[in-house]
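>
Residue numbers (our numbering): -17 to 344.
1. Tell me whether the stretch 223 to 238 and the stretch 3 to 20 touch, counting them as touching only if at least three CB pairs, one residue from each stretch, are closer than 8 Å.
2. Identify whether residue 252 lies in helix, strand or coil by the three-state DSSP scheme.
3. Using a threshold of 8 Å, state whether the C-beta atoms of residue 32 and residue 294 are closer than that.
4. Could you check where the alpha helix (DSSP H) with residue 127 kicks off and where it finishes?
5. Does the distance from the C-beta atom of residue 264 to that of residue 322 stay below 8 Å?
6. Apart from the five residues just before and just after residue 102, which ones in its own chain have a Cβ nearer than 6 Å to its Cβ?
7. Report all residues from its chain with a CB closer than 6 Å to the CB of residue 314; omit the five preceding and five following residues, and keep chain order.
8. Ignore the nearest five residues each way along the sequence and tell me which others in residue 11's own chain have a CB closer than 7 Å to its CB.
9. What are the uninterrupted segments assigned as beta strand (DSSP E) that are 3 or more residues long and contained completely in the stretch 69 to 127, given in chain order?
10. I'd like the span of the alpha helix (DSSP H) that includes residue 225, first residue to last.
11. Rounded to whole angstroms, what's the CA-CA distance from residue 241 to residue 297? Just pull it up for me.
12. Report the residue from 272, 140, 290 and 220 whose alpha carbon sits nearest the alpha carbon of residue 34.
13. Starting from residue 142, follow its DSSP beta bridges and name the residues at the other end.
14. Determine the direct distance from the alpha carbon of residue 299 to that of residue 168, and round the result to whole angstroms.
15. Please confirm if the stretch 226 to 233 is in contact with the stretch 190 to 198, defined as three or more CB-CB distances below 8 Å between the two stretches.
16. Under the assumption that residue 209 contacts residue 106 (Cβ atoms under 8 Å), give the Cβ distance between them as a whole number of angstroms.
17. Between residue 150 and the rest of its own chain, which residues show a CB-CB distance below 6 Å, the 5 nearest in sequence each way excluded?
18. Around the Cβ of residue 184, are there at least 16 other Cβ atoms within 10 angstroms (buried) or fewer (exposed)?
19. With a 10 Å radius around its C-beta and 16 neighbouring C-beta atoms as the bar for buried, classify residue 328 as buried or exposed.
20. Among 153, 246, 179 and 88, which residue has its Cα nearest to the Cα of residue 320?
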């Protein structure tokens, strides 16, 4: 038979229902959607966990010593590191400040380097640009005292301009910045008490760089690196968690499921195939027809699964949905490929000599 005739017959089998293409397509779609969807769900949950850590400053570390931090060295850590996305800044305890309108309510202030303001801004999506011209206050202070960015207030330390209002939620992070005044200060000159560094993913190598910001004296001998947010596990490794996820086996399991579907598609029509061989159809033409039919219903099932997975990922993934789709769609594609290969392999086992035995046990 010519290839065109074989393919035409395969399409007629699909159109007439002989190939049971709809049922097999749904089976492949269900298989791909289950395994691929579970893979997507698992990865998206990891993304949400990582996003929660980033939002809570669990990717930030600090080193503290009494005036023993070189502010310029601290602010310069991002420039000296080979990695990108790093923020670092220095902090020093300041005087207590009270608004003249509420003299009985004094707040602890902190003097911070320009790099520290950039670190805080990197954690607040509402801050479009970093303004170093005035004092920064948290949202709670702004709400309680009726202040906003651009406000001019009189304090016990003189007149101050509010340059920025920042978010500092109560999610386990260091609470000192939740109700305070942050006063910008040049990194050069007098030493600072602390140096903070932030980078995702967090690495021990980056945290160890904090020691390079310490002034070499007796004070630095007692310094230790600690996490800014102690509510999260400091040993969390997102790459290790991704590599060790249970759903990494999803493509293989989907392939086994697809292979079972392919074998079933041929086994239920063995009598028909044996009869065709008895009527003079060549084995090559028969295998081509089996492969063409399997390719149609398995491909449609895989495409349907991928469409469902894509919609789910775009809707629920907090970032980089394309990468999640690429990982999750391996399962339906593996199921479809395995179904075609298994169907052809099962077709090879059909013999003309089996006709009468199959007819007897039909």
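All residues carry an ideal CB built from backbone N, CA and C; glycine is no exception.
If you're wondering where the values come from, they're calculated on a predicted model, not measured in any experiment.
So, from the listed chains and residues:
1. Below 8 Å, enough C-beta pairs join the stretch 223 to 238 and the stretch 3 to 20 to call them touching: three or more.
2. helix
3. no
4. 121 to 127
5. 8 Å or more divides the Cβ of residue 264 from the Cβ of residue 322.
6. Once the five neighbours on either side are set aside, the close Cβ partners of residue 102 are 148.
7. 14, 18, 284, 287 and 288
8. The answer, listed in chain order, is 283, 286 and 287.
9. Runs found: 69 to 80, 88 to 94 and 117 to 120.
10. 220 to 225
11. 31 Å
12. Closest option to residue 34, judged by alpha-carbon separation, among 272, 140, 290 and 220: 220.
13. 135
14. 40 Å
15. no
16. So it is not a contact: roughly 19 Å between Cβ atoms.
17. Around residue 150: 120, 159 and 160.
18. buried
19. buried
20. 246
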